[in-house]
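Below is one structure; the comments refer to it alone.
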Amino acid sequence: MDLLVWLLRILHIGAGILWAGGAIQLAFFIGPTITATAEIGKQFSSHLMGRLRFRMFMTITATTTVLAGGMLYWIQSEGLSSAWLNSSAGIGFTIGAGFGLIAFVFGIIFGNATAKLSRISEQIDGKPTNEQREQIQNIQNQIAFVAPIHITSMIISVLFMAMARYLYLIF
1161 MDLLVWLLRI LHIGAGILWA GGAIQLAFFI GPTITATAEI GKQFSSHLMG RLRFRMFMTI
1221 TATTTVLAGG MLYWIQSEGL SSAWLNSSAG IGFTIGAGFG LIAFVFGIIF GNATAKLSRI
1281 SEQIDGKPTN EQREQIQNIQ NQIAFVAPIH ITSMIISVLF MAMARYLYLI F
């Protein structure tokens, strides 16, 4: 069992670092750069999402994080025992897991929206039609709504996961 927990922790933490790091880089640096660089940004985005398969990378790391985390949660809580769930660590990990699941769901929505945006951008030859402009605007509005929830949830999740074992010092 110790070996399984050790392997799950490596998977959960390693994939979580890659998932959170990728999402934060995309939200704060890559996304705004793509927007600011217009046509070149479109080419960059197409390469990042298409050739480099960044979306697939994010899906794999997010799913690995959630699945390994769920297994760890089950093992560490000894099948969701109330004693563990009511401990400071249990409460911390539960809050972290909740925000992690919110980040996961909103990450899926974000990923689907960016994929739609990429598909529309690839169809545009020259100036976008009015219909394409409207579609792009709707998707950008969806991304503007979803991205802050995704990133904020992820940051809160990471903080609670990092602090969970030490919350007894505070409470």
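All you need for my numbering is the position in the sequence shown, starting with 1, plus 1160. No residue lacks a Cβ here, since even glycine has one placed at the ideal position from N, Cα and C.
The alpha carbon of residue 1176 has as its nearest neighbour, out of 1225, 1255 and 1317, the alpha carbon of 1225. By the CB criterion at 8 Å, residue 1273 and residue 1235 fall outside the cutoff. A buried status is given to residue 1314, since no fewer than 16 other beta-carbon atoms sit within 10 Å of its beta-carbon.
In the DSSP assignment, residue 1229 falls within the unbroken alpha helix (DSSP H) covering 1214–1236.
Nearest neighbour of residue 1257 by Cα position, chosen from 1271, 1275 and 1231, turns out to be 1231.
For residue 1172, same chain residues with a beta-carbon under 7 Å away, outside a window of 5 residues either side, are 1225, 1228, 1229 and 1232 in chain order. Remark: C-beta atoms of residue 1310 and residue 1180 do not approach each other more closely than 8 Å. When rounded, the separation of the alpha-carbon atoms in residue 1297 and residue 1203 is 19 Å. Just measuring C-alpha positions, the residue of 1253, 1316 and 1292 sitting nearest residue 1327 is 1253. Between the region 1259–1272 and the region 1210–1221, the count of C-beta pairs closer than 8 Å reaches three or more; the two stretches touch.
At a Cβ-Cβ threshold of 8 Å, residue 1331 and residue 1248 count as neighbours. Listed in chain order, the alpha helix (DSSP H) elements of length 4 or more contained wholly in the region 1233–1263 are 1242–1245. Burial state of residue 1318 is buried, judged by a 10 Å Cβ sphere holding 16 or more other Cβ atoms.
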